[in-house]
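Here the structure comes first, spelled out in structure tokens, and everything after it is commentary.
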DNA sequence: GCCGTTTTCGGCCCGACTGTTTTCAGTCG
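Residue numbers (the numbering used here): 2 to 569.
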């Protein structure tokens, strides 16, 4: 699938045009095109073949031509044309805070800078400050920006940011009286990675809230601390922004700072067409404020139901909301069990009983113990004989532990030839069978997964693409083929909720649902402290538009068992 | 470059902040 390659090219075209001072709306059109392509679940090549490319809003004749050319020849003349005479390293400097296209173009034109090193030198020599419109302070800011640019890490995983923001909010509330406080930004939308952390609050004295924030123990550097906005770097190098607003604008501000930008632009365009104006202070008709206090009010004033944060990506949610046809999304409380956790029997840290008790504390009705199998020797995979011993232990624990059912599950390896690691005789004794690929990622992954799904005792495929966020690309797998066979064989696909996986991802989940595939959300927990990650999986499911009825482990135990035996 | 229950041409989201300016351009979210 070449979607992302083309999205990256469009994104670069946008940056270069911006640098060149091209009409900003044209620049924006390419930015939007890039976003659309990287969000697109379908293969862009299939769309071209079916001649449906320009049916996508935001992709017109021009970009369609560029896409077709790239797919045909592997080159895009539009990109080749705009990049002439523009060093790649120069454009990368747009990533420096405070360095926009105008300033960069000025420095390039007047002082001939071409690289990061050039920029450093002219900043130190004082030449940059002497340019028209520049000055000492601007250069000082750019220096800070450059420092951060060099030191800043990649986006951080949601699974790291999420506990961190809860910790910060708790610490803040202990220190100062805050009326309302809530995470905003991509974290509230449960994106799999976040760049920085946004928090919104209301309270009597904004300045005192900001100063309390700036003096929290985890803060290592204060970038700004004013009346309404504070910005700090915390341990680990992540930037955290706190904004304090009037209670009357809390809803509008929360809506605004939650984003996404594309979602907000879409809303504002729509509002404008209806003679309304939306800002972070409220919804207005002329001078008259119609809403602002609560988020639901803001959407209502626009004639819409409250759109859940996880859907706010401009992936069709506004259009569906206009028709009041948004799905009722699955919630954390709907999850009745986890079907894929490990214990000491393979590479987990706790006993069956400890895991089961922890699961019961979360309010689960069942827990599926799913150890690795012999092929996954590095992970302590267990033989059929050992598995039978574990079953005896499960039976014993079950005798003294009431209120939760411990299910015999397994994470069976899909071998290089697509066969499974346990015999059917063992597999058919399972309550719930998960099959996963753990080795030979490049070896015909699609074929192997399709073959595994034909086995009547495989109820779900674990982490279907094998990707690790920011560490490893997934297998080369044809997901459309997997979805088709999954639907036909009534095999569920997993959202592996372990923070580093989130696999399937949001976009895949939405496609899977459209293809009629059922989903299970499992943590793959190896430790009782990892069971909470279910919330990350539920967030991913919600971002994939799933309702309770789409998720297998929202079923009560009796119906789950019936469901999982249906294949036989 | 894209798009059309105002439009095939002329628009395209909104506001704050900052610093360099004597009225505003650039950047950011």
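Idealized CB from N, CA, C, for every residue including glycine.
Quick caveat: nothing in here was measured; it's all calculated off a predicted structure.
Return helix, strand or coil for residue 194, following the three-state DSSP convention.
strand
What would DSSP say about residue 109, mapped onto helix, strand or coil?
Residue 109 falls in the helix class under three-state DSSP.
How is the alpha helix (DSSP H) around residue 273 delimited, first residue to last?
262-274
Which first and last residues belong to the alpha helix (DSSP H) in which residue 7 is found?
Bounds of the alpha helix (DSSP H) holding residue 7 are 4-20.
Residue nearest to residue 287 in terms of C-alpha spacing, selected from 380, 273, 429 and 412
273
When you compare the CB positions of residue 498 and residue 522, do they come within less than 7 Å of one another, or not?
In contact: residue 498 and residue 522 (Cβ atoms closer than 7 Å).
Indicate whether residue 340 and residue 369 have their beta-carbon atoms separated by less than 7 Å.
Yes. Within cutoff.
Would you mind working out which of 26, 170 and 531 sits nearest residue 363, comparing C-alpha positions?
531
Give the list of continuous alpha helix (DSSP H) stretches no shorter than 4 residues that lie fully inside the segment 412-482.
425-428 and 446-455
Quick check on DSSP: helix, strand or coil for residue 499?
Here DSSP, grouped into helix, strand and coil, assigns residue 499 to coil.
Just to confirm, is the Cβ distance from residue 308 to residue 361 under 7 Å?
no
Terminal residues of the beta strand (DSSP E) in which residue 245 lies:
Residues 240-246.
Beta-carbon proximity check, residue 413 vs residue 386, cutoff 7 Å:
no
Under 7 Å between the Cβ atoms of residue 213 and residue 266?
no
Just the C-alpha distance for residue 74 and residue 415, rounded to the nearest angstrom, thanks.
Taken atom to atom, the span from the alpha-carbon of residue 74 to that of residue 415 is near 37 Å.
Give the single residue among 46, 9 and 395 whose Cα lies nearest to the Cα of residue 39.
9
Delimiting residues of the alpha helix (DSSP H) encompassing residue 78
78-84
Run the CB neighbour count on residue 379, radius 10 Å, all protein chains shown included, and call it buried at 16 or more, exposed below.
exposed
Would you say residue 140 and residue 124 are within 7 Å of each other, going by their C-beta atoms?
yes
So is residue 418 buried or exposed if we call it buried at 16+ other beta carbons inside 10 Å?
Counting Cβ neighbours within 10 Å, residue 418 comes out exposed, since fewer than 16 surround it.
CA-to-CA distance, residue 7 to residue 359, given in whole angstroms:
Taking the straight line from one Cα to the other gives about 46 Å.
Rounding to the nearest angstrom, what Cα-Cα distance links residue 117 and residue 262 in this structure?
29 Å
Which residues does DSSP list as the beta-bridge partners of residue 369?
408
Among the residues of its own chain, which have a CB less than 7 Å from the CB of residue 36, if the five just before and after it don't count?
263
Anyone know if the C-beta pair for residue 253 and residue 283 falls short of 7 Å?
yes
Among the candidates 492, 24, 68 and 540, whose CA atom is the shortest distance from the CA of residue 506?
540
Is the Cβ-Cβ distance between residue 63 and residue 33 less than 7 Å?
no
Considering only DSSP beta bridges, list what residue 578 is partnered with.
Nothing can be reported for residue 578: it is not among the residues displayed for the chain, which extend from 2 to 569.
Contact under 7 Å by Cβ, residue 166 with residue 202:
no
DSSP three-state call for residue 169: helix, strand or coil?
helix
For a quick check, are the C-beta atoms of residue 518 and residue 488 less than 7 Å apart?
yes
Reduced DSSP secondary structure (H/G/I, E/B, other) of residue 341
In the three-state scheme derived from DSSP, where H, G and I count as helix and E and B as strand, residue 341 is classed as strand.
Do the segment 234-253 and the segment 286-303 touch if we need at least three Cβ pairs shorter than 8 Å?
yes
Cβ contact check for the segment 392-406 and the segment 327-335: 3 or more pairs under 8 Å
Contact between the segment 392-406 and the segment 327-335 is absent, because fewer than three Cβ pairs lie under 8 Å.
Contacts around residue 553, its chain only, beta-carbon distance under 6 Å, and the 5 residues preceding and following it disregarded:
Residues 493, 519 and 521 of the same chain have their beta carbon placed closer than 6 Å to that of residue 553, with the five preceding and five following residues left out of the count.
For residue 459, the nearest candidate out of 429, 408, 312 and 4 (CA to CA)
Nearest of 429, 408, 312 and 4 to residue 459, Cα basis: 429.
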